[in-house]
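Residues 1 to 486 in the UniProt record's numbering are what the sequence shown lists, from first letter to last.
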Amino acid sequence: MGTEVVAAPAAAAEVIPAGGTVCHAVLFPFMSKGHTIPILHLARLLLRRQITLTIFTTPANRPFIAASLPAGAAASIVELPFPQDIPEIPAGVESTDKLPSVDSHFPNFALATERIRPDFESALENLRPRPSFMVSDGFLWWTQDSAEKFGIPRLVFYGMSNHSGSVSRAVAVDRLLFGPESADEMISVTQFPGVRVCKSDFDDWARSPDPKGPHFDFVMKSVVASSRSYGSVMNSFYEFEPVFVDHLNGLGTQKYYSVGPLCLADVDDDNCGKEAVLAAESKPAWIQWLDEKLAEGKSVLYVAFGSQAEISEEQLEEIACGLEESEVDFLWVIRKGGGGLEERVKGRGMVVGEWVDQRGILGHACVQGFLSHCGWNSVMESVCAGVPMLAWPMMAEQPLNARMVAEKVKMGIRVEGSGRTGFVQRGALEKAVRKLMNGVEGMEVRRNAKEYAEKARKAMEEGSGSSWKRLNLLIHDLCSKAKIEY
Ligand SMILES: O=c1ccn([C@@H]2O[C@H](COP(=O)(O)OP(=O)(O)O[C@H]3O[C@H](CO)[C@@H](O)[C@H](O)[C@H]3O)[C@@H](O)[C@H]2O)c(=O)[nH]1
Numbered sequence: 001m002g003t004e005v006v007a008a009p010a011a012a013a014e015v016i017p018a019g020g021t022v023c024h025a026v027l028f029p030f031m032s033k034g035h036t037i038p039i040l041h042l043a044r045l046l047l048r049r050q051i052t053l054t055i056f057t058t059p060a061n062r063p064f065i066a067a068s069l070p071a072g073a074a075a076s077i078v079e080l081p082f083p084q085d086i087p088e089i090p091a092g093v094e095s096t097d098k099l100p101s102v103d104s105h106f107p108n109f110a111l112a113t114e115r116i117r118p119d120f121e122s123a124l125e126n127l128r129p130r131p132s133f134m135v136s137d138g139f140l141w142w143t144q145d146s147a148e149k150f151g152i153p154r155l156v157f158y159g160m161s162n163h164s165g166s167v168s169r170a171v172a173v174d175r176l177l178f179g180p181e182s183a184d185e186m187i188s189v190t191q192f193p194g195v196r197v198c199k200s201d202f203d204d205w206a207r208s209p210d211p212k213g214p215h216f217d218f219v220m221k222s223v224v225a226s227s228r229s230y231g232s233v234m235n236s237f238y239e240f241e242p243v244f245v246d247h248l249n250g251l252g253t254q255k256y257y258s259v260g261p262l263c264l265a266d267v268d269d270d271n272c273g274k275e276a277v278l279a280a281e282s283k284p285a286w287i288q289w290l291d292e293k294l295a296e297g298k299s300v301l302y303v304a305f306g307s308q309a310e311i312s313e314e315q316l317e318e319i320a321c322g323l324e325e326s327e328v329d330f331l332w333v334i335r336k337g338g339g340g341l342e343e344r345v346k347g348r349g350m351v352v353g354e355w356v357d358q359r360g361i362l363g364h365a366c367v368q369g370f371l372s373h374c375g376w377n378s379v380m381e382s383v384c385a386g387v388p389m390l391a392w393p394m395m396a397e398q399p400l401n402a403r404m405v406a407e408k409v410k411m412g413i414r415v416e417g418s419g420r421t422g423f424v425q426r427g428a429l430e431k432a433v434r435k436l437m438n439g440v441e442g443m444e445v446r447r448n449a450k451e452y453a454e455k456a457r458k459a460m461e462e463g464s465g466s467s468w469k470r471l472n473l474l475i476h477d478l479c480s481k482a483k484i485e486y
């Protein structure tokens, strides 16, 4: 276990609550990029409010976290050893994007994190000033036991929407998934008039009347621990999903704080989310390529499926053909596979196999569409950039996010045939791309995306924004609590 002090906490003008102690928050992100990135954005917001932070992580994840914090931040990073000898997980893998297969290995990986608990608790015990509250990922369910042991209020962070949380809960409580025979039959969600889902929107364990297995065990541990927590932090904003924000708060069980879009936390510090003003020679090749497209007066479709999607070689080939046949210029970020595609699509498209600054790309003036798996961060980042989406969900809660994007807020178009188990034909992709980039429907969803971008900006506005006020409330609620009884 090691502590790296990024900057002495005392360097900040500290928040001194009524009780006279410094407001000190503990953050513990899950070891997955899609979960860590938004918590680091939350860290920026808390630092700006003069909250002292201690961020827990594991050795291989520390560099990413350290690099994401603003220079001179009043934050300490504490490294805890990652468990060794996890069945089927290669040594040295400490992040889900490095797993050979997220589908097969996720439960073992996630369940093993409980072995971090003893080290976490020794560190918590010695932490000074005493933490006022903890924000830990919902997937680190065992941190609830640690929080209870030390009387620290815990806020859960899943990084998902109020919509997916509300709808998943409603279909489970009302047992809506056990009626239909077919996976694609539409089901009305009785608690939310107008909302319809189908069985294939949900994971296998949720569709079984008698679920079992490691994935289900893991989900149950997370859900039960979350139900005992003080509340939840949501990466969303009221104006985007008011019905669902009100629903969760109306349950009266916990407090839900929608304090996002968290990606906007970067804007003031380092110009992220806007087109970066960089000298040409320091720009990555793909930004230079976008600049060229802009100069030629072209619009570009950005294609990316998050940090962990698994796509078969056959499907990658079909995507390449669909994109080529659409005759639209595209920038495609691929995580795994796709050998030889760079050469194939040269001219019209660019394929990148590296980690990119996604928010920078979405903020580039020539990017006019985003073909996405609808991970919630990608949805929020697209909203903030005012870029409409082509929704192609693949796993987890992404099918629900795709419904939100295409059916509820209407800032995107669903790719026909896409889904948890679907295979998208090149013709369906070509049609969807043309619709978004050149069609009337595309104009409509583009207009909606731009309206939501403005609402998102307003939600985060200092003093008046709904998310700004909600974060104030969170700090007010938790920085004045000396200790809570669980
Ligand atoms: O080269 C890259 C690739 C990704 N990203 C960023 O990585 C994050 C990816 O997050 P997301 O779009 O949510 O995708 P996943 O990584 O797939 O997210 C997981 O976590 C999300 C939040 O819980 C869930 O909504 C998803 O279903 C789940 O797959 C985003 O901030 C991207 O901007 C980059 O900056 N550069």
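The beta-carbon is built from N, C-alpha and C at its ideal position, and this holds for glycine as well. These numbers were taken from a predicted model, which means no experiment stands behind them.
- Query: In the structure shown, what three-state DSSP assignment does residue 140 receive?
  - Reply: coil
- Between which two residues does the alpha helix (DSSP H) containing residue 34 stretch? 33-48
- Item | Which of helix, strand or coil DSSP assigns to residue 308 | Here residue 308 carries a coil assignment [DSSP, helix/strand/coil].
- Query: Which two residues bound the contiguous beta strand (DSSP E) that contains residue 334?
  - Reply: No beta strand (DSSP E) contains residue 334, which DSSP labels as neither H nor E.
- What's the gap between the Cα of residue 152 and the Cα of residue 114? 18 Å
- May I ask you to verify whether the stretch 285-304 touches the stretch 402-413, counting CB pairs closer than 8 Å and requiring at least 3? no
- Short Cβ contact (8 Å threshold) for residue 487 with residue 466: Outside the displayed range of the chain (1 to 486) lies residue 487, so it cannot be described from this structure.
- Item | Residue environment, residue 195, which counts as buried when at least 16 other CB atoms sit within 10 Å | Result: buried.
- Item | Member of 425, 375, 402 and 469 whose CA lies at the smallest distance from the CA of residue 323 | 425
- To the nearest angstrom, report how far apart residue 444 and residue 411 are at their CA atoms. 8 Å
- Message: Using only the alpha-carbon positions, how far apart do residue 273 and residue 265 sit?
- Response: The predicted position of residue 273 is uncertain, since its pLDDT is 40 and thus under 50; a value taken from the coordinates is nonetheless stated next. Going from the Cα of residue 273 to the Cα of residue 265 covers about 9 Å.
- Under the DSSP definition of a beta bridge, which residues are partnered with residue 26? Looking at the DSSP assignment, residue 26 forms a beta bridge with 54 and 134.
- Item | Range of the contiguous beta strand (DSSP E) that encloses residue 370 | 367-372
- Query: Tell me, which residues are paired with residue 301 by DSSP?
  - Reply: 330 and 369
- Message: So for residue 442, helix, strand or coil by DSSP?
- Response: helix
- Can you tell me whether DSSP reads residue 73 as helix, strand or coil? In the three-state reduction of the DSSP assignment, residue 73 falls in the coil class.
- Task: Determine, using beta carbons only, whether residue 189 and residue 176 come nearer to each other than 8 Å.
- Result: Judged by their CB atoms, residue 189 and residue 176 are nearer to each other than the 8 Å cut-off.
- Query: Taking one C-beta from the stretch 314-330 and one from the stretch 377-386 each time, how about it: are there three or more such pairs within less than 8 Å?
  - Reply: no
- Counting Cβ pairs, one atom from each stretch, are 3 or more of them under 8 Å apart for the stretch 46-53 and the stretch 387-404? They do not touch, by the three-pair rule.
- Query: How long is the line joining the alpha carbons of residue 248 and residue 255, rounded to whole angstroms?
  - Reply: Going by the C-alpha atoms only, they are around 8 Å apart.
- Task: Just the C-alpha distance for residue 347 and residue 360, rounded to the nearest angstrom, thanks.
- Result: 22 Å
- Query: Sorry if obvious, but does the Cβ on residue 266 come closer than 7 Å to a heavy atom of ligand 1?
  - Reply: no
- Task: Starting from residue 221, trace the alpha helix (DSSP H) both ways and give me its first and last residue.
- Result: 214-227
- Query: What's the call for residue 174, buried or exposed, on a 16-neighbour Cβ count within 10 Å?
  - Reply: Exposed: under 16 other Cβ atoms inside 10 Å.
- Message: On the criterion of 16 or more Cβ atoms from any shown chain inside 10 Å, does residue 421 qualify as buried, or is it exposed?
- Response: exposed
- Identified DSSP bridge partners for residue 389: Secondary-structure assignment with DSSP links residue 389 through a beta bridge to 370 and 412.
- When DSSP labels each residue in this structure, what does residue 188 get in the three-state scheme? In the structure shown, residue 188 falls within a strand segment according to DSSP collapsed to helix, strand and coil.
- Query: Thinking just about the alpha-carbon of each residue, which of 305, 229 and 378 is nearest to the one in residue 140?
  - Reply: When each option's Cα is compared against that of residue 140, the closest is 229.
- Kindly indicate which three-state DSSP category residue 437 falls into: helix, strand or coil? DSSP places residue 437 in helix when its eight states are reduced to three.
- Just to confirm, are residue 163 and residue 94 a CB contact at a threshold of 8 Å? no
- Item | Residue burial classification, residue 423 (beta-carbon count within 10 angstroms, cutoff 16) | exposed
- With which residues is residue 157 paired in a DSSP beta bridge? DSSP output for residue 157 lists 137 and 233 as bridge partner(s).
- Query: Is the closest heavy atom of ligand 3 to the C-beta of residue 165 under 7 Å?
  - Reply: This structure lacks ligand 3; its bound ligands are ligand 1.
- Message: How far does the beta strand (DSSP E) with residue 194 in it extend, from its first residue to its last?
- Response: Looking at the DSSP string, residue 194 is not in any beta strand (DSSP E), and its letter there is neither H nor E.
- Query: How many Å lie between residue 92 and residue 28 at the Cα?
  - Reply: Each residue's Cα considered, the two are about 20 Å apart.
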